[in-house]
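2 protein chains.
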Amino acid sequence: MSASKKDELVEKALKVFYREGFHATGMDKLVAETKISKTSMYKHFRSKEDLILATLKLRDERFRSAFVKRIEELATDPKGQLLATFDTLGEWFQETDFQSCMFIKASSECQEAAHPIHKESADHKHILRNYLEDLAQKANLKNPPALATQLQLLQEGAIVLAHLHGGNSPAIEAKAAAEALIKAAEV
Amino acid sequence: MSASKKDELVEKALKVFYREGFHATGMDKLVAETKISKTSMYKHFRSKEDLILATLKLRDERFRSAFVKRIEELATDPKGQLLATFDTLGEWFQETDFQSCMFIKASSECQEAAHPIHKESADHKHILRNYLEDLAQKANLKNPPALATQLQLLQEGAIVLAHLHGGNSPAIEAKAAAEALIKAAEV
DNA sequence: CCAAAGATGTACAGATCAGTACAGGTTGTC
DNA sequence: GACAACCTGTACTGATCTGTACATCTTTGG
C-alpha cells in the first residue's frame, strides 16, 4: 500500500534535479520527464521546494546506504573501511552520470544557512562525518573526532575536484593522504 | 582612460552574482543594483553568460592576488607559506559575506564539463594547485605534485564544509592535516 | 560649437517560471 | 453499481526571464 505515484515522482525528480540542477529544472520539465501530471505533483507537494526537500531526503538515504554497503564489501576491519571510503568515491567518480555531490550543488543554489535545503545538506554531511568518527573510534585511532573531520575534508575536496577536472585521480590522491593521516593516528 | 562603465559593471555584477547566485540573479536585478542601464550592459556584453565569464575572470585575478599577498604577509619561507594558505582560508571563512567559492558555485550551476563557465572554474583551481606545487618545490619537499594536490583537496574540502556548517574550524582542521602531510614529505 | 560616441529610460517580444482552476477519467472497494 | 480516492490534461494567471528597439540625453574631443 505504498503511495506509489508519490514515490515514483520523487524518484524520477531526483534524477532530473541531479542531472540538470534545481533552479534549471522547471516543473513543466518534470512533467515531461516523469509523465506525471502537474496537478498530481501539487497534490503531493505544496511547492517545488517541498519536492526538492523530498528528493534530498531520498538521496541522503540512498547514497549513504549504498556508500556503507560498498565499503563493507571492500573491507571488514574499521581501518580498512576508512580507506575503502576513498575507493568507493573513486568508483562513484567514474560512473558516467557522476555530477558532483547533490548536496554541495543544493547548498550552492540555496546559500543562506537558514534555508531548509541548506540545512538538509549540512545534515547529510554531518551524518557522514559521524560515520567516519565511528570507524576511527572502532579502529582505535587517536583523536577520532579530529581524524574524522580531516578525512571528510579530503573526501569533499575529492568530490569537488573530480567534478571540475574529471576522472578519479582526486580519490586516489585523497586515499594516499588519508593513509598518511591514519598512520600518524596509530598508537 | 579605462572603459570605466564596463569595469564598474563587472565589479558590481561580481558582488551580486557572488551574493545571490548566477541563475537566481536576473538582468533586471543587476540594473537595480548597479544603476547601469540594461542597454549599456548588452552593449558591453552580448549575453548574460559573457558577463558571468567576465566576472569570473575578475574574481580569479582578485582572489588569487589577495590570497598570495596575505600568505606572503603571514610567512616568508615556502613551507610556512604552504601552512599560511590555511590561515588565510580561515580568515576568509570568517568574513561576514563569505559565501563559499564562486567557482565551486559556478560549476554547480553549469555542470557540463564543456561549458565555458565550468572550464573557467577548472582553470582557476588548476592555477591555485600549481601555486601550491611551486611552494612545495621551493620548500624541498618530496613529490611536490602529489603534495600540492593533497593540500588542495584539504582546501576545497574546507571551503565546502565552512560554507555548510559555518565558522573557520574546517580551516583549522585542514591546517592540522596539512602539517602532518608536510612533515611526512620532509627529507 | 559641433559631431561622434556612449549612456539612458521605457517599452516591448517571446519564452519560461511556479502555481491554480476546473472538468473529466481511472481505479479500487464495499 | 455506486461512491470515494486518486490521477489526468488543458488552460490559465501573473510574475519573471533574456534580449531588443528606439528615441533621447550627456559626455567628450577637435
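Residue numbers (the numbering used here), protein chains in the order written: chain A, 876 to 1062; chain B, 876 to 1062. Beta carbons are placed, not taken as given, at the ideal position from N, Cα and C, and that holds for glycine.
Under 9 Å Cβ-Cβ, which residues of chain A neighbour T909/B?
Residues of chain A passing the Cβ test: none, with the nearest at roughly 20 Å.
Could you please tell me which residues of the region 980 to 1009 of chain A, in chain order, have their CB closer than 7 Å to any CB of chain B?
K980, S982, S983, E984, Q986, A988, S996, A997 and K1000
Considering only residues of the same chain and omitting the five flanking positions on each side of I979/A, which have a CB-CB separation below 8 Å?
S996, E1031, I1034 and V1035
What distance in whole Å lies between the Cβ atoms of L957/A and L1026/A, which are believed to be in contact at a cut-off of 8 Å?
7 Å
Report whether the distance from the Cβ of E947/A to the nearest heavy atom of the ligand HEM is below 8 Å.
Among the components modelled here there is no ligand, and therefore nothing to report on the ligand HEM.
Output, in chain order, the set of chain A residues within a Cβ distance shorter than 7 Å of V1035/B.
I979, E1031 and V1035
Starting from H1001/A, trace the alpha helix (DSSP H) both ways and give me its first and last residue.
Membership of H1001/A in the alpha helix (DSSP H) is indicated by the continuous run P991 to K1013.
Applying a beta-carbon distance threshold of less than 9 Å, which residues of chain B neighbour G896/A?
H898, S983, E984, C985 and Q986
What is the DSSP secondary structure of E970/A, counted as helix, strand or coil?
coil
Can you check whether the C-beta of T1024/B is within less than 9 Å of a C-beta belonging to chain A?
Yes, T1024/B lies at the interface with chain A (some Cβ there is under 9 Å from its Cβ).
What does P1045/B touch in chain A if you count any residue whose Cβ is under 7 Å from its own?
L1028
By the 10 Å Cβ neighbour count, where 16 or more other Cβ atoms means buried, how is A941/A classified, buried or exposed?
exposed
Please list the residues of the region 946 to 977 of chain B that have a C-beta atom closer than 8 Å to any C-beta atom in chain A, keeping them in chain order.
Q974 and S975
Which residues in chain B sit within 7 Å of H1040/A, going by Cβ to Cβ distance?
A997
For T914/B, I'd like the list of residues in its chain whose CB is within less than 6 Å of its CB, leaving aside the five on either flank, ordered along the chain.
none
Can at least three beta-carbon pairs, one atom from the region 1004 to 1014 of chain A and one from the region 1002 to 1014 of chain B, be found at a separation below 8 Å?
no
Put V1063/B into one of helix, strand or coil per three-state DSSP.
Residue 1063/B lies beyond the residue range present for chain B, which begins at 876 and ends at 1062; the question has no answer from this structure.
With respect to the alpha helix (DSSP H) encompassing S1044/A, which residues constitute its N-terminal and C-terminal limits?
Taken as a continuous stretch (DSSP letters only), the alpha helix (DSSP H) holding S1044/A covers S1044 to A1059.
Looking at the C-beta of L1016/B, does it have a partner C-beta in chain A at a distance below 9 Å?
no
Hey, is A1049/A's beta-carbon within less than 9 Å of any beta-carbon in chain B?
Yes, because at least one Cβ of chain B sits closer than 9 Å to the Cβ of A1049/A.
Tell me, please, whether the region 974 to 992 of chain B touches the region 1015 to 1024 of chain A by the rule of three or more beta-carbon pairs shorter than 8 Å.
no
E895/B to D935/B, Cα distance in whole Å?
18 Å
Could you round the C-beta distance between T930/B and F973/B to whole angstroms and report it? I think they count as a contact, below 8 Å.
Their Cβ separation, rounded to whole angstroms, is 17 Å, which puts T930/B and F973/B out of contact at 8 Å.
Between the alpha carbons of D925/B and L905/A, how many angstroms are there, rounded?
It is roughly 29 Å from the alpha-carbon of D925/B to the alpha-carbon of L905/A.
According to the neighbour-count rule (16 or more other Cβ atoms, all chains shown, within 10 Å of its Cβ), is E1061/A buried or exposed?
exposed
Measuring CA to CA, which of V943/B, A899/B, K910/B and F938/B is closest to K923/B?
A899/B
Cα-Cα, which of I946/B, L933/B, C985/B and D998/B is closest to W967/B?
I946/B
Which residue marks the beginning of the alpha helix (DSSP H) containing E908/B, and which one marks its end?
For E908/B, the enclosing alpha helix (DSSP H) covers residues M902 to T909.
Between the C-alpha atoms of H1001/B and K994/B, what's the straight-line distance to the nearest angstrom?
10 Å
Using a cut-off of 9 Å between C-beta atoms, extract the partners of I888/B located in chain A.
Residue identity differs from the one stated: residue 888/B is Ala in this sequence, not Ile. Chain A residues near A888/B: none, gap ~17 Å exceeds 9 Å.
Spatial neighbours of A1014/B within its chain, please: CB distance less than 7 Å, with the 5 preceding and 5 following residues excluded, ordered by chain position.
P953, K954 and L957
When DSSP labels each residue in this structure, what does E987/B get in the three-state scheme?
coil
By a C-beta neighbour count over all protein chains shown, 10 Å radius and 16 as the cutoff for buried, is K890/B buried or exposed?
exposed
At the level of alpha carbons, what is the spacing between S879/B and G1042/A?
Approximately 42 Å between the Cα atoms of the pair.
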